[in-house]
Amino acid sequence: MRDEGAARTGLRARLDGPVLTVWAKHDRDSEGWLPLWRHMEDSAAVAGRLWDQWLPAGVRKLIAEALPEGEADARRLAVWLAGVHDIGKATPAFACQVESLAQTMRSHGLEMRSQSAMGADRRLAPHGLAGQVMLGEWLEERHGWVPRQTGQFTVAVGGHHGVPPEHGQINALDSHPQLLRTPGASRVVWQRVQEELLEACAEEFGVRARLNAWQTVKLPQPVQVLLTALVIVSDWIASNPDLFPYFPQDVPRTSEERIAAAWRGLNLPGPWSPQEPSGDAQELFASRFELPPGAKVRPVQEAAVELARTMDEPGLMVIEAPMGEGKTEAALAAAEILAARSGAGGVFFALPTMATGNAMFSRLKGWLEQLPAEGGTRHSVLLAHSKAALNEDFADLMRSGGRVAAVDIDAPKAAPRRPSNGVGTAPTELVAHAWLRGRKKAMLASFVAGTIDQLLFAGLKSRHLALRHLAVAGKVVVIDEAHAYDTYMSVYLDRVLSWLGAYRVPVVVLSATLPAGRRRELAEAYAGKATGEAAAAFDAVAEAGDYPLLTAVTPGGTPVMLRPAASGRTTDVDLERIEDDLDILADRLESELADGGCVLVVRNTVRRVLQTAAVLRQRFGDANVTVAHSCFIDVDRAAKDADLLRRFGPPGKAKGRPGEAHIVVASQVAEQSLDVDFDLLVTDLAPVDLLLQRMGRLHRHLRGGQEQTGRPERLRTARCLVTGVDWTADVPQPVRGSVAVYGGYALLRSAAALLPHLDRGSDGRQRPVRLPSDISSLVQRAYAEGPDGPAEWAEALEAARTRHEEHREDQAERAATFRLDAAARPGRPLFGWVAAGVGDADDTPAGKAQVRDSRESLEVVVVQRRADGTLATVPWLEPDRKGRSLAGLALPTDQVPAILAARTAASCGLRLPIQFSYAEVMDQAIAELEELHVRAWQVKDSHWLAGQLILPLDEDCQTQLAGFALRYSKSDGLEVTRA
53 MRDEGAARTG LRARLDGPVL TVWAKHDRDS EGWLPLWRHM EDSAAVAGRL
103 WDQWLPAGVR KLIAEALPEG EADARRLAVW LAGVHDIGKA TPAFACQVES
153 LAQTMRSHGL EMRSQSAMGA DRRLAPHGLA GQVMLGEWLE ERHGWVPRQT
203 GQFTVAVGGH HGVPPEHGQI NALDSHPQLL RTPGASRVVW QRVQEELLEA
253 CAEEFGVRAR LNAWQTVKLP QPVQVLLTAL VIVSDWIASN PDLFPYFPQD
303 VPRTSEERIA AAWRGLNLPG PWSPQEPSGD AQELFASRFE LPPGAKVRPV
353 QEAAVELART MDEPGLMVIE APMGEGKTEA ALAAAEILAA RSGAGGVFFA
403 LPTMATGNAM FSRLKGWLEQ LPAEGGTRHS VLLAHSKAAL NEDFADLMRS
453 GGRVAAVDID APKAAPRRPS NGVGTAPTEL VAHAWLRGRK KAMLASFVAG
503 TIDQLLFAGL KSRHLALRHL AVAGKVVVID EAHAYDTYMS VYLDRVLSWL
553 GAYRVPVVVL SATLPAGRRR ELAEAYAGKA TGEAAAAFDA VAEAGDYPLL
603 TAVTPGGTPV MLRPAASGRT TDVDLERIED DLDILADRLE SELADGGCVL
653 VVRNTVRRVL QTAAVLRQRF GDANVTVAHS CFIDVDRAAK DADLLRRFGP
703 PGKAKGRPGE AHIVVASQVA EQSLDVDFDL LVTDLAPVDL LLQRMGRLHR
753 HLRGGQEQTG RPERLRTARC LVTGVDWTAD VPQPVRGSVA VYGGYALLRS
803 AAALLPHLDR GSDGRQRPVR LPSDISSLVQ RAYAEGPDGP AEWAEALEAA
853 RTRHEEHRED QAERAATFRL DAAARPGRPL FGWVAAGVGD ADDTPAGKAQ
903 VRDSRESLEV VVVQRRADGT LATVPWLEPD RKGRSLAGLA LPTDQVPAIL
953 AARTAASCGL RLPIQFSYAE VMDQAIAELE ELHVRAWQVK DSHWLAGQLI
1003 LPLDEDCQTQ LAGFALRYSK SDGLEVTRA
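For the sequence shown, my numbering begins at 53 and goes up steadily by one.
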């Protein structure tokens, strides 16, 4: 057992005797095993490769700054910690778990009781915690360290299974020393083996001579987190038997040959290492984006490039600019510059929804393909949300991601899969790497587009949080639609920003409608709370009413602002009240659309969408009314978005704009990230920032020049009809559904801010909303602290404000329960860092509910039950990109369905509406859905459908569930009524 597969090099050459029998890994099927010394050396070698070839330069720099000899010390420390991370396996509490290996150790003097004899006490010594304690003792007893100094180093060992130990756990183990070393004659043998391994690692990994100098170091908590994460990644890679085979399966070879074969088999793409682009903003944008002929860079984009280049150091940049002004392109251009300056190795683009994430993923891919790259460059990419595998672009990358296995180092290298372009560079290869998958590793990919939840999880006390921090610490983070996040989410976002500032991560925040107070909160969260004279600079940020506006601040710095000009084009929008009556609306639209035109009607609830569409179809016909809302199955929702872009997108791109009258009735899905353009807007009253977003879909593009002659004559002036309110009451009364969604206070403040545009002035004229110049003033007025509105509104507004403040306080208090603490003083160990946390964090509906103030929702997979009782995919699906039929595919219940059928069914996921989120209804619904539990689908080979709740519709696409009648159609989505 002692020398199987082991050449006497490296760590092995420093060891002899009983230490060689100590085991780290065991495979019960093959009886293969791995000595502890071998796994320690493998892990250290992986850490060295990760440091040299995978870790972004900015992360290396941050760690290096905490140590006396900079990067040389930092690399030594990382390799050493990875090497000693499993020293806790050299204990009776661990070694007793495999009796055959324990017996061999006993025969060499390492006595221990059996696992059953050790009993429940063994749980007090998980090997991570045991290793942390043993390493601390060694530093204190052999190298003169004081106890308060060791924890900041040893916590990376204690926390390598995802949760840094708590003080109570440490104290409990201290009172059970027999778990670390068997009492009696064997105790000295155990101690000698443990010290022999630690001494050998100190020598082999080059830290013995540095330990004295490190005694005075105070590691910042962000550095402790990064070191812990690096140890975790190193351990996971070194624990993969496909890369690092167990004995006796492994062939005899040197340690260098073993790691070389494994690293080549892993084939991790390295970090992005951009050079700061030269040339002006026009040249940069022309080379990175497909600009229309003659297009000029907009002032906001030019200012973003200037600010990214001239900031004292990379930090936080907030870009406030109108809808359609090119903020996404500005963010990507700034990200390239900030990455070059900071050493960031990638970009994470965080968006409000899965739909916006999908759209951004395609844009991110296009940008990556335009970046300068050396021949053979590979970048790891990720679409980060729970339905990512159903995105065709990402699924194609996943299919080509390959598998991970060790490669013979003498085998010829494979030829590049993409040809050189003949000028010394090659197109960048984008890969969804096989190892970078799963909820805990995926975010380590270099380029990520995903939902904001993935960023907010970095502020949630949860297992393996260090990995999420490593993932964002090495990137430029872009946060889109920053105005869209409520108090609950903002509690997490602000804490994440404080950690990003501590990591010196460049952050770009985008918004068209950001309240000034929120702008200040974001800047202070990142830079740190200012006092004295510095606070005045943050006061100025909160008072700035300029628009467009760019704000920048560095960690610990004071903010600066740039005020670029608007792009030049303005749109005047005439506002008008309209009674909340469907017949009145239909009459009005009949008049407005006499000569044709395209109207967008935005409702605040799905129920109002469907009620409105039903009435308008009676007037205009089914073919002339389109419905869009969130209660469609995933594949239909994506098709809806694509159809809206195809028909109502920008001139030159949209090919199917209706020639006759057409009405789109939509929920809030029409507010964000859809580049659609309508002739007339009807909207329920909403918070003013969201109303402005909706107005951004009105006359968004020029059709027929400045005079808009490409639109029907009566619709060439942009007009917005505001409804969903009883305007005749002394104080406007929004409909109940709107109050339930937004709260009465936000709606009344919105109405008050809009009064100058809804009423005629003393001169008898009505002032239009001028976009973009009125955006900031309207938003700041609606979100200002002081009172607003006519005197007769004061009592209602005050009552609504009280309820609003109570709700916000409740949100903040509940969000703080599992929120991560801010980084503590340097040198304080991470003990208890995620104590009282939530366990694992993920992007399932239950996981998202941890960082969003929403009830847990119920997701189902919609299928059809045929008359003969068999199941099939729903019958209206279009063929896929390869022309394969997807409709009506059989879903047998006695076996795992074919991959195409299973994946197609999974693409028909549907989140049930709020009626099913109340506890009693949800419990009843789950019980009814579980009656269709297909046992044959609950196996490893059925990953698309295993664990899913299946909702079967009859041949009329109807069913009943938990006392509700459900009806689904491709045109209207899900309708729910009381049964």
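Note that the Cβ used here is the ideal one computed from N, Cα and C, for glycine as well. Keep in mind the model is a prediction, meaning the values are calculated, not measured.
State yes or no: is the C-beta of residue i within less than 8 angstroms of the C-beta of residue j?
| i | j | result |
| --- | --- | --- |
| A407 | D532 | no |
| T565 | D729 | no |
| L67 | W85 | no |
| A713 | L668 | no |
| R520 | M495 | yes |
| V625 | S682 | no |
| E857 | V783 | no |
| A1034 | F590 | Because the chain here runs from 53 to 1031, residue 1034 falls outside it and cannot be looked at. |
| A592 | R571 | no |
| V528 | L552 | no |
| M92 | D138 | yes |
| I827 | Y599 | yes |
| H485 | L295 | no |
| Q353 | A387 | no |
| L743 | S790 | no |
Report the rounded CA-to-CA distance for residue i versus residue j, giving the unit in angstroms.
| i | j | result |
| --- | --- | --- |
| K270 | P839 | 49 angstroms |
| R640 | G649 | 13 angstroms |
| K113 | A568 | 34 angstroms |
| W106 | G322 | 5 angstroms |
| A145 | L119 | 35 angstroms |
| G608 | E576 | 9 angstroms |
| G999 | Q990 | 6 angstroms |
| V71 | T503 | 49 angstroms |
| A373 | A694 | 25 angstroms |
| L882 | Q204 | 7 angstroms |
| A534 | S432 | 26 angstroms |
| V787 | V973 | 25 angstroms |
| Q863 | Y544 | 11 angstroms |
| R451 | P345 | 36 angstroms |
| P468 | R755 | Model confidence at P468 stands at a pLDDT of 35, short of 50, so the residue's coordinates are unreliable; what they give is reported in the following sentence. Looking at the two C-alpha atoms, the distance is approximately 47 angstroms. |
| L1026 | V524 | 38 angstroms |
| E123 | A130 | 10 angstroms |
Relative to the C-alpha of residue i, which candidate in the options has its C-alpha closest?
| i | options | result |
| --- | --- | --- |
| L1003 | L981, H985, A834 | L981 |
| G511 | R66, R660, T869, W85 | T869 |
| R918 | P293, Q1010, A874 | Q1010 |
| E256 | G756, L133, L320 | L133 |
| T775 | T503, L368, T664, S563 | T664 |
| L984 | L1013, P345, S719, P965 | L1013 |
| E193 | R174, T156, E247, S542 | E247 |
| G427 | P931, V433, E481, C253 | E481 |
| H195 | W266, H751, D294, N676 | W266 |
| A147 | A182, V557, V653 | A182 |
| W996 | I139, A979, E444, V948 | V948 |
| Y797 | R755, A957, E847, R766 | E847 |
| E911 | R963, E354, L952 | R963 |
| A617 | P351, A172, D104 | P351 |
Just grab the DSSP bridge partners of residue i for me.
| i | result |
| --- | --- |
| M92 | DSSP lists no partner for M92. |
| I978 | Paired residues: none, contrary to the question. |
| K77 | L86 |
| Q818 | R812 |
| G502 | A402, A436 |
| R1019 | Q1010, E1027 |
**Report entry** Length-filtered (4 minimum) alpha helix (DSSP H) runs lying within the segment 185-210
**Finding:** Taking only runs of at least 4 residues, the alpha helix (DSSP H) segments lying wholly in the segment 185-210 are 199-210.
Query - Inside the segment 750-832 only - alpha helix (DSSP H) runs reaching at least 4 residues - result: 788-794, 796-810
Query raised in the report: At what residue ranges does the segment 520-563 contain a whole run of the beta strand (DSSP E), taking only runs of 3 or more?
Result: 528-531, 559-563
Requested in this report: List in chain order: all unbroken alpha helix (DSSP H) runs of 4+ residues lying wholly within the segment 901-965.
Outcome: 951-958
Query - Every unbroken alpha helix (DSSP H) inside the segment 575-641 [4 residues or more] - result: 585-595
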